[in-house]
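Residue numbers (the working numbering): 5 to 361.
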Ligand code: PMP
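What follows is the structure, encoded as structure tokens:
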């Protein structure tokens, strides 16, 4: 083997949900928002002066940074923006998980965490969720190099009680606790205000879900000024201009329209409650979700086979073959009421064909 072949950084990459090209597919597999971005986003994109693109964008992401800070009632020195929360999380891992002790996260959570840890050679340990797919807080009371908790968790869709999360942060003042709030706007309670109290807490959020901007790639982190400074030092040592001009103007327009944000998230929460009732009527079993997806299983139906059957009917949901414990589950994103009706009809038909109804 040649020298370079022996020294390639070999990684097993994260597998994103499929992005099929056919327009008529009902796509409930990547937790995207079924509604378009705020009307102001379309307007600023249409009016964007291409001449602006001659220039580099603002390296800190202004004016988006200030718009987010204002919306969150924070100083802009407490905010960091990046190319989706994936970029932000990768920078956080790179900046803060640089020691010998293992970082901790649950066995069933966002499947990018172990990919970043592997790629950056960060030691890590996963802690099994309990039989209700919830975190056992005691698992996080041991010596560690950092903690990552998605709250609400993905793909389970449930949130931790805030006193539990607080206890985990309290007991780990020596290490950084990242709380990934990608789905917080669909019913969870954010811990962003806690960054003023805990200088070891970093919270991440995204514009990909509740702001309908997955394609634009906008994510952010909130932490005390000192941590944001460390994060910026690493970011500027890697790539100063992560956010492009278009994403900055689109993100700024999205964050400025609170009424539209409230309206779309309310619609999604309503569709989630309605879909959950219908799925329970069909015998599906699942915890109450505070996200824009449901993580469901069925005592009789083989969910992996159902996943394949739905795919044949051009309805895409997400099935995970790893870890093994979640093979019997499907993760179904909340679409429009019409999309959910089509999904429910297809599931019903599938069950009737098999005498399962
Ligand atoms: N965290 C969690 C828990 C997620 O499910 C996702 C979406 N795949 C992300 C972060 C990243 O989202 P984005 O990069 O689009 O902001």
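We put the CB at the ideal spot given by N, CA and C, even for glycine.
A quick note: this is a predicted structure, and the numbers were derived from the prediction, not measured.
Can you give me the start and stop residues for the beta strand (DSSP E) that residue i sits inside?
| i | result |
| --- | --- |
| residue 131 | 128–131 |
| residue 224 | 223–226 |
| residue 269 | Unbroken run through residue 269 is the alpha helix (DSSP H), 262–285; no beta strand (DSSP E). |
| residue 208 | 205–210 |
| residue 332 | Premise fails: residue 332 is in no beta strand (DSSP E) and is neither H nor E. |
| residue 83 | 83–86 |
| residue 232 | Counting along the chain, residue 232 falls outside any beta strand (DSSP E), though it belongs to the alpha helix (DSSP H) covering 229–240. |
| residue 387 | Residue 387 lies beyond the residue range present for the chain, which begins at 5 and ends at 361; the question has no answer from this structure. |
| residue 154 | 150–154 |
| residue 24 | No beta strand (DSSP E) contains residue 24, which DSSP labels as neither H nor E. |
| residue 109 | 107–110 |
| residue 297 | 297–300 |
| residue 172 | First-last for residue 172: 166–174, but that is the alpha helix (DSSP H), not the beta strand (DSSP E). |
| residue 184 | 181–184 |
Assuming residue i contacts residue j under a Cβ cut-off of 8 Å, what Cβ separation, rounded to an integer in Å, is found between them?
| i | j | result |
| --- | --- | --- |
| residue 210 | residue 186 | 5 Å |
| residue 319 | residue 275 | With 8 Å as the limit, residue 319 and residue 275 do not qualify as a contact, their Cβ atoms being about 16 Å apart. |
| residue 172 | residue 199 | Contact doesn't hold; Cβ gap of about 15 Å is too wide. |
| residue 158 | residue 114 | 5 Å |
| residue 291 | residue 160 | 7 Å |
| residue 195 | residue 76 | Incorrect: roughly 12 Å between the Cβ atoms, too far for contact. |
| residue 93 | residue 120 | 7 Å |
Within this structure, are the beta carbons of residue i and residue j separated by less than 7 Å?
| i | j | result |
| --- | --- | --- |
| residue 245 | residue 60 | yes |
| residue 131 | residue 118 | no |
| residue 256 | residue 71 | yes |
| residue 295 | residue 110 | no |
| residue 102 | residue 322 | no |
| residue 184 | residue 162 | no |
| residue 332 | residue 307 | yes |
| residue 317 | residue 360 | no |
| residue 48 | residue 253 | yes |
| residue 258 | residue 41 | yes |
| residue 201 | residue 81 | no |
| residue 347 | residue 282 | no |
| residue 166 | residue 193 | yes |
| residue 149 | residue 182 | no |
| residue 153 | residue 133 | no |
| residue 18 | residue 97 | no |
Hey, how far is the Cα of residue i from the Cα of residue j?
| i | j | result |
| --- | --- | --- |
| residue 99 | residue 358 | 52 Å |
| residue 248 | residue 289 | 43 Å |
| residue 293 | residue 299 | 8 Å |
| residue 284 | residue 137 | 18 Å |
| residue 68 | residue 356 | 51 Å |
| residue 191 | residue 222 | 21 Å |
| residue 205 | residue 176 | 10 Å |
| residue 219 | residue 5 | 40 Å |
| residue 88 | residue 225 | 10 Å |
| residue 126 | residue 86 | 22 Å |
| residue 313 | residue 334 | 13 Å |
| residue 353 | residue 262 | 40 Å |
| residue 178 | residue 145 | 12 Å |
| residue 147 | residue 105 | 8 Å |
| residue 95 | residue 74 | 23 Å |
| residue 189 | residue 269 | 7 Å |
| residue 272 | residue 52 | 30 Å |
| residue 15 | residue 124 | 10 Å |
| residue 214 | residue 37 | 7 Å |
| residue 43 | residue 10 | 51 Å |
| residue 336 | residue 342 | 14 Å |
| residue 345 | residue 303 | 22 Å |
| residue 29 | residue 250 | 28 Å |
| residue 25 | residue 168 | 42 Å |
| residue 216 | residue 267 | 12 Å |
| residue 27 | residue 35 | 17 Å |
| residue 57 | residue 325 | 43 Å |
| residue 139 | residue 330 | 15 Å |
| residue 50 | residue 278 | 36 Å |
| residue 264 | residue 233 | 33 Å |
| residue 91 | residue 64 | 14 Å |
| residue 20 | residue 31 | 14 Å |
| residue 315 | residue 301 | 17 Å |
Could you give the residue range of the alpha helix (DSSP H) that holds residue i?
| i | result |
| --- | --- |
| residue 119 | 117–123 |
| residue 45 | 43–51 |
| residue 72 | 68–76 |
| residue 316 | 307–316 |
| residue 7 | 7–10 |
Any beta carbon of chain D sitting closer than 7 Å to that of residue i?
| i | result |
| --- | --- |
| residue 179 | No chain D appears in this structure, which consists of one protein chain only. |
For this session: Closer than 6 Å is what we want: which residues have a beta carbon that near any heavy atom of ligand 1? List them in chain order.
Result: 88, 89, 90, 114, 154, 158, 184, 186, 210, 212, 218 and 223
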